[in-house]
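Everything below concerns the one structure shown next.
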Amino acid sequence: MGVKNVTHKSRWIERFYIPAILSGLKITLKHMFQKKYTVQYPEEKWPVPPGHRGAIRLNKDEEGRVKCVACEMCATACPAKCISMEAGVAPWDDREKYPVWFKIDMLRCILCGMCEEACPEDAIQLTEIYDFSTYTRADLIWEKERLLKNYDITVDGKYFDRSREETGL
Amino acid sequence: MPTLKIDGKEITVEKGTSVLQAALDHGIDIPHYCYHPSLNIAGSCRLCLVEIERMPKLVPSCATQAADGMVVTTNSEKVDDARKSILEFLLINHPLDCPICDKAGECKLQDYTFQYGSAHSRFVEDKRRRATKDLGGNILLYRNRCVLCTRCVRFYEDVVGEPYLTVEHRGYHSDISIFPGKELTHKMTGNIVEICPVGCLIDKDFLFHSRVWNLAKTKSICPGCSTGCNMDIEHKDNKIYRIRSRENMTVNRHWLCDYGRYLYHQYDEMDRFTTPLKRTSDKLNKSGWDEARSIIHDRLALLKRSKEIGKMAVVGSAFASNEENYLLYKVFHDELGCDKFFVHQPAIEGEDEVFKGGFTIHTDKSPNQNGANLILGKKTDFWRAIKKGQIDILIFFGKDLALTLSDQQKELLKKLDFIVVFDHTLNDLAQHANVALPVTYFAEQDGSYLNAGMRLQKFQAALTPPDQVLPGWQILLSIYKAFNEDVKMVTVSDIMNDMSRNIKKLNGISFFKIGDEGVQIK
């Protein structure tokens, strides 16, 4: 294979550099007036499409009580076996059974949504929350209170409008 | 012996057998609610309808005796239709509350609806609602769920012989009800929860504690009395959740008394010591297994050398398994030459309680008195021997949760030189021990019991004992091996084999031969 030597000899105007700088600045100037794509994460969050399978929440009924009846269908359906609970006699007159404690090990959870499908009461759902990393493993084992809080911050569909202080995430 | 054909299969059965039982015995499933092999026939649920040639209509197979030359069809279109209709009727008022029903998972209505019923309901009207009733004792009556099979009613009539429940009103308004002024506190009450095919009768003791499919089952024998009822321990996460009876037609049929059913709570809640304890001056202090074993071994070796073995008494227990009593005999008789063997057994008062259906609750509240007597001989009064001053050293195998001593007996114990106790709790006797060894209870170990009817039955470990607690036979085996290096036994099964060689009545018996239903000893 033969080798071809190419030489380029700059003209004087090119060696002056100013026009090259100006043409670069022109592009920058153009982008300054275009639509901006940067998101100020984590203060601002990139919204995900509907149906996204993120962190799990426990729903509340009209009176603000946990909707779950502790039937353990979710725990039975869960392929990662990350859901555990203890059922007890509900302290309310119109309900019989409720979860005394309810725990999801989010370290194990694979966000498959099987629990949501299995639930006969629509009490467990996956949400649009995708950024729930923590500094310790213990923080990722979510109790009932935390799962109910997930409901509060996502129920109106305005999770992405909330501030970090409000969501705690 | 009539021979009949069910679904093309030739079957020969005993005279008087129902078509339903004949089919069930030969692996043909006919759905049924009201039929129960230990209860009288009611024929009320109409689910077991089958087609029999030359009979004009479908007939209930539970109430039809098998006859020679019968040709039975259990899966024709006509039968399927009938089942579907019956299930549809039953589901009209049955609530869809499976998620909060404790029976879900073992419910016959769920199973049959899934297998034979329709996936859709045509019923658009409101379901009948009835309040849940507390029947007293441990029983809740979820009236909405009842399918009126009347098994519970007949249980009290046929098996207990004392009516408690009845069907009130007629037709659509039929309702299970308790006789006025009565409460379901009868000793056999727990059984109605088991025989209820749906979740109508629920045990408060198990209410909402676990879903049934999460529980593991281990076959066991009730240690509550010398009847030796067969039972299943149902457990999860090393904890017993409930105990249910296991069918054994020669011992307990399908039943279990409430004392045995809830006995596991006593073991759950007992204040057990979980490390070996040794006496230093006036107190029992924690020790390790190596230390405890060497204290015992040194003392026994000294005794063997000094030829004062006659000063030792070994007390086996009617609460211990045969293997444990046998090893006691092996170690202290064959190895050390002791000849004073006794059996600890609870005081027996009153008479055995026999119910109408033949089920017996024995007053002997120990499970293995016959076994202990067979192995160690029938001597129980070791207190007299102590009183006479014939005994310096006492080896006591307890396992009796109800053990208490009188002040006089406590005084007698103070005279003794050295006491080794195998037990769960620091009871009156263990308080006086020089060495107290923590042993496992029936649910934590394998073994066998010989019941009042001389039936040898085995039980299996369901739970893992706490770290430092060992099965009695393991402790005795290690003491045995310290004296005799030729001992090759390792498992309970080995001990049973050795026992069958050395005890005439048990000749030829092994754990395998005992099986799930036990063997009769002559």
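Chains as they are written, first to last, in the working numbering: chain A, 1 to 169; chain B, 1 to 522.
Quick reminder that beta carbons are idealized off the backbone N, C-alpha and C, glycines included.
Beta-carbon spacing of Lys330/B, Val314/B below 8 Å: In this structure, Val314/B does not lie closer than 8 Å to Lys330/B by Cβ.
Distance between Ala482/B and Glu517/B (C-alpha atoms, nearest Å): Taking the straight line joining both Cα atoms gives about 36 Å.
Neighbour flag for Glu117/A against chain B, beta carbons, 8 Å: Chain B contact via Cβ: absent.
Separation of Val69/A from Asp94/A, as counted between CA atoms: If I take the Cα positions, the gap works out to 12 Å.
8 Å Cβ shell around Ala104/B - same chain, five flanking residues per side excluded: Answer for Ala104/B: Cys98, Gln110, Gly199, Arg211 and Val212, listed in chain order.
Cut-off 7 Å between Cβ atoms - residues of its own chain near Thr363/B, not counting five sequence neighbours on either side: Taken in chain order, the residues that qualify are Ile348, Glu349, Gly350, Glu351 and Asp352.
For Gln34/A, three-class secondary structure by DSSP: Residue state, collapsed to three classes: coil.
Gly515/B, buried or exposed, once every other Cβ within 10 Å from all chains shown has been counted against 16: It counts as exposed.
Contacts that Lys97/A makes with chain B (C-beta to C-beta distance below 7 Å): Within chain B, the residues near Lys97/A are Ile100 and Phe208.
Of the residues Val435/B, Lys57/B and Gly161/B, the one placed nearest Lys356/B, counting alpha carbons only: Comparing Cα positions, the closest option is Gly161/B.
Neighbour list for Cys71/A in chain B, Cβ cutoff strictly below 7 Å: The contacting residues are Pro99 and Ile100.
Residue from Met1/A, Leu140/A, Val155/A and Asn5/A whose Cα sits closest to the Cα of Asp124/A: It should be noted that the sequence gives Ile, not Asp, for residue 124/A. For Ile124/A, the closest C-alpha among the options Met1/A, Leu140/A, Val155/A and Asn5/A is that of Val155/A.
Pairwise C-alpha distance: Glu72/A and Asp237/B: Across the structure, Asp237/B and Glu72/A are spaced so that their CA atoms are roughly 16 Å apart.
Where Glu157/B falls, given that 16 or more other Cβ within 10 Å makes a residue buried: Residue environment: Glu157/B is assigned as buried (16 or more neighbouring CB atoms within 10 Å of its CB, all protein chains considered).
Identity of the residue in Ile11/B, Leu470/B and Ser38/B nearest Asp25/B by Cα: Looking at the Cα atoms, Ile11/B is the closest of the given residues.
Any non-hydrogen atom of the ligand COA closer than 7 Å to Asp205/B Cβ: Looking for the ligand COA in the displayed structure turns up nothing, as the structure carries no ligands at all.
Sub-8 Å separation of Val72/B and Ile178/B beta-carbons: At least 8 Å separates the beta-carbon of Val72/B from that of Ile178/B.
Per-residue burial, Arg129/B [other beta carbons within 10 Å of its own, 16 or more giving buried]: With fewer than 16 other Cβ atoms within 10 Å, it is exposed.
Which listed residue (Asp298/B, Glu323/B and Gly337/B) has its alpha carbon closest to that of Lys307/B: With distances taken between Cα atoms, Lys307/B lies closest to Gly337/B.
Alpha carbon of Asp131/A to alpha carbon of Glu43/A, nearest angstrom: Taking the straight line joining both Cα atoms gives about 12 Å.
Per-residue contacts from Val66/A into chain B (C-beta, under 8 Å): Against Val66/A, chain B offers no close residue; the least beta-carbon distance is about 14 Å (beta-carbon pairs closer than 8 Å).
Residues that Gln65/B bridges to, as DSSP identifies them: Looking at the DSSP assignment, Gln65/B forms a beta bridge with Ser18/B.
Interface flag, Ala87/A vs chain B, CB-CB below 8 Å: Contact of Ala87/A with chain B is assigned, a C-beta pair being separated by under 8 Å.
Sub-8 Å separation of Tyr449/B and Ser321/B beta-carbons: For Tyr449/B and Ser321/B, yes; Cβs fall inside 8 Å.
Length of the line joining the Cα atoms of Thr166/B and Ile176/B: Put simply, the backbone Cα of Thr166/B is about 6 Å away from that of Ile176/B.
Whether Leu437/B touches Pro276/B by CB criterion (8 Å): In this structure, Leu437/B lies near Pro276/B, with their beta-carbon atoms less than 8 Å apart.
Cβ-based burial, Gly64/A [other Cβ within 10 Å; buried from 16]: Around the C-beta of Gly64/A, fewer than 16 other C-beta atoms lie within 10 Å, and the residue is accordingly described as exposed.
Below-8 Å beta-carbon distance, Pro120/A vs any chain B residue: By this cut-off, Pro120/A is an interface position.
Within chain A, partners of Arg128/B - CB distance below 9 Å: Taking a Cβ-Cβ threshold of 9 Å, none of the residues of chain A is close to Arg128/B; the smallest such distance is about 18 Å.
Straight-line gap, Tyr441/B to Leu477/B (C-alpha atoms, nearest Å): Cα to Cα, Tyr441/B sits roughly 17 Å from Leu477/B.
Whole-angstrom distance between Ala90/A and Asp446/B, CA atom to CA atom: Rounded to whole angstroms, Asp446/B and Ala90/A show a C-alpha spacing of 39 Å.
Nearest neighbour of Val425/B, chosen from Gly472/B, Lys283/B, Tyr267/B and Val519/B [CA to CA]: The residue you asked about is not Val; residue 425/B is Thr in the sequence shown. Residue Tyr267/B is the option with its Cα nearest to Thr425/B.
The beta strand (DSSP E) enclosing Val79/B, as first and last residue numbers: Following the DSSP letters along the chain, one finds Val79/B in no beta strand (DSSP E) but inside the alpha helix (DSSP H) bounded by residues Glu77 to Ile92.
Range covered by the alpha helix (DSSP H) that runs through Asp381/B: Where Asp381/B is concerned, there is no enclosing alpha helix (DSSP H), given that its DSSP letter is neither H nor E.
Given Pro465/B as reference, the closest of Ile375/B, Ile243/B, Lys239/B and Cys149/B once Cα atoms are compared: Sorting Ile375/B, Ile243/B, Lys239/B and Cys149/B by C-alpha distance to the C-alpha of Pro465/B places Lys239/B at the top.
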